[in-house]
Amino acid sequence: MIFGALVSLAGHPLAAAVLAVLTGVLLVFGSGLKRNVLGEPLMFSDVAVIGAFVRHPRFYIGAIPPFARILVVAGLAFLGASFFGLLLEDALWLRSGSGLSVRVQGLCLFVTGWFCLDVLGRVGLARRLLPAADLDMGEQRYGLLATIVLSWLRWKDDRRRKLPSWPPVSAGQLDQAPLIVGIQCESFADPREFGLEDASACVLPHLLCAEREGEVGKLQVSGFGAYTMRTEYGVLFGHEESELGFCRFDPYLTAGKQAGDALAARLAPVCGDRVFLHPHDLRFYGRDVLMPVAGFSRLIGTEGFAAAAQEEGHIADHAVGDRILTLIDEAVSKPSGTFIFTVTIENHGPWSGGMADYLQHLQQGDELLGRVTQALGQTGRDALLVFYGDHRPSLPGAVMPGGARHTPVVVKGFGALSAMSRLDGVSLTPAALHHRIISLVAGCVS
């Protein structure tokens, strides 16, 4: 099918064959790089990040080793130059009419291939060949390209799945509804899990304090070094990855269909103001469109941090903390509840100084935890703080895929919620955390 598309576009069968092979080689090479950094192969859903790559290449290029970066850029440049040259030459063929039949044949080959794939999906062959969302197994049996195609066909089926749904929280008869603050802290992890030679190189006093109070558990996230949206989706929408099938790899591609299940939508009866705060481009993962549909009444992106301090090109956690504290101050004067959900960005790679840089930013995340904890404690209101890491960092040579992936999660209650929120080291999934939040709030307002 790829060959047919290239013949149709370029009009040269031999050149199209060479370009098709080179494309396959680049995909396999890129998949190997991705596996080394993130522990996963290339997959069909990675197409969705092309737009983000064009807008913010630093997010992705920095994760590729320098030598591999040169090879990838050179390969892509050669592909682009070759294709452009063929198009220029083919323009002469089209004027004479001699290249038209070749193009038509290539188009027919592409359409035939697409039709065959559609038939394979409709008769359930893809489901029989790839029964579970296990890309490693698929790659071992069928190879990378076949697995990408089969998983895409499976995704087309699984996106039609009917998922369980849940009712909103009942408003109750409280004079004042609780304040709820959720913070998804970029690459936040417990440095004691990394086996550092000097354990005192990074101490997180606020995490340790919460741990002594029994307020820390283990969040069992599936991604490593990336895929923030998987953890974010689980917490915000409450569906386990086992329920999603092949939609688990990028659940935000289909999340709009489950808007009523979202945490903000379920909390709407008790939280009149529901704020989604992310100091970055809200077009990432389509948050600019998805979050209003999912029940958030306000979105704050980079425009809310015009003069904020930055750390290695990202809005600093200290500036994010300032904005959260301002929102908390505004919420205290309102009788209705407020839900503030924040996704931080400071500790996003690449880290030019390696582990030392990562640990420095990690301490800023812990400081954010301490500041918000103190602010909520001073409100005198029933309140709930949920703070967790979206995934562990990928630091080649220091923190690598293949081991444990869990991150710390802090659940701390204030007022009527203080005695209900203990975790005591329990392990839970992001989806289970969603339901724990709902259960705590429902118990408070009932």
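Residue numbers (full-length UniProt numbering): 1 to 446.
Cβ coordinates follow ideal geometry from the N, Cα and C atoms, glycine included.
query: How close, in whole Å, do the beta carbons of Gln-374 and Leu-204 come, if the pair is a contact with beta carbons under 8 Å?; result: Rounded, the Cβ-Cβ distance is 15 Å, inconsistent with contact.
query: Give the single residue among Ala-259, Ala-226, Asp-329 and Arg-212 whose Cα lies nearest to the Cα of Lys-412.; result: Arg-212
query: According to DSSP, simplified to helix, strand and coil, what is Leu-395?; result: strand
query: Do Cys-271 and Phe-339 have their C-beta atoms closer together than 7 Å?; result: yes
query: On a Cα-Cα basis, can you pick out the residue from Asp-322, Thr-302, Asp-329 and Arg-323 that is closest to Gly-313?; result: Thr-302
query: DSSP beta-bridge partners for Leu-277?; result: Ile-300 and Thr-342
query: Distance check for Val-169 and Ala-255, CA to CA, integer angstroms please.; result: 20 Å
query: Buried or exposed for Lys-162, going by 16 or more other Cβ atoms inside 10 Å?; result: exposed
query: Can you list, in chain order, the residues of its chain whose CB lies under 7 Å from that of Arg-159, leaving out five sequence neighbours each side?; result: Cys-247 and Thr-254
query: Spatial neighbours of Ala-294 within its chain, please: C-beta separation below 7 Å, excluding the five flanking residues on both sides.; result: Leu-236, Ala-259, Ala-262, Ala-264 and Ala-265
query: Looking at Thr-407: is its Cβ nearer than 7 Å to the Cβ of Leu-219?; result: yes
query: Suppose only complete runs of 3+ residues qualify. What are the beta strand (DSSP E) ranges in the stretch 144-203, listed by chain order?; result: 179-185
query: Using the Cα positions of Gly-300 and His-278, report the straight-line distance between them to the nearest angstrom.; result: Note that residue 300 is Ile in the sequence shown here, rather than Gly. Between Ile-300 and His-278, the C-alpha separation is close to 6 Å.
query: Would you check if the stretch 135-148 and the stretch 229-244 touch, i.e. whether three or more CB-CB distances between them fall below 8 Å?; result: no
query: Taking the continuous alpha helix (DSSP H) assigned at Ala-265, which residues delimit it?; result: 263-267
query: Determine the closest residue to Ala-404 out of Cys-108, Ala-48 and Phe-224, with distance taken between C-alpha atoms.; result: Phe-224
query: Name the one or two DSSP bridge partners that Ala-383 has.; result: Leu-179 and Phe-414
query: For Thr-407, write down the residues that DSSP places opposite it in a beta bridge.; result: Leu-219
query: Check Ser-336 in the structure and name its three-state DSSP category.; result: coil
query: Whole angstroms is fine: what's the gap from His-391's alpha carbon to Tyr-227's?; result: 8 Å
query: Nearest by alpha-carbon distance to Val-332: which of Ser-45, Met-43, Asp-382 and Val-18 is it?; result: Asp-382
query: Please report the straight-line C-alpha distance between Gly-354 and Ser-394, rounded to a whole angstrom.; result: 10 Å
query: Can you tell me the Cα-Cα spacing of Leu-19 and Ala-81, whole angstroms?; result: 11 Å
query: Answer yes or no: does any C-beta atom of chain C fall closer than 7 Å to that of Val-275?; result: Judged by its chain identifiers, the structure shown contains no chain C, having just a single protein chain.
query: Do you know how far the Cα of Trp-114 is from the Cα of Val-372?; result: 53 Å
query: Could you give the first and the last residue of the continuous alpha helix (DSSP H) run that contains Ser-288?; result: Note that residue 288 corresponds to Asp in the displayed sequence, not to Ser. Asp-288 -> alpha helix (DSSP H) spans 287-293.
query: So for Tyr-233, helix, strand or coil by DSSP?; result: helix
query: I need the DSSP call for residue 460, collapsed to helix, strand or coil.; result: Nothing about residue 460 can be read from this structure; the chain reaches only from 1 to 446.
query: Determine the extent of the alpha helix (DSSP H) in which residue 447 is found, giving its start and end residues.; result: Outside the shown range of the chain (1 to 446) lies residue 447, about which nothing can therefore be said.
query: Hey, out of Gly-217, Gly-32, Asp-46 and Gly-337, whose CA is closest to Ala-432's CA?; result: Gly-217
query: CB-CB under 6 Å to Val-104, same chain, minus the five flanking residues each way: which ones, in chain order?; result: none
query: Roughly how far, in whole angstroms, is the beta-carbon of Gly-337 from the beta-carbon of Ile-180, given that I think they are within contact range, below 8 Å?; result: 7 Å
query: Taking the alpha-carbon positions, what's the Asp-366 to Gly-172 distance?; result: 34 Å
query: For Gly-321, count neighbouring C-beta atoms within 10 Å of its own C-beta (all shown protein chains included) and say buried if the count is 16 or more, exposed if not.; result: buried
query: Should Glu-330 go down as buried or exposed, given a rule of 16 or more other Cβ atoms within 10 Å for buried?; result: exposed
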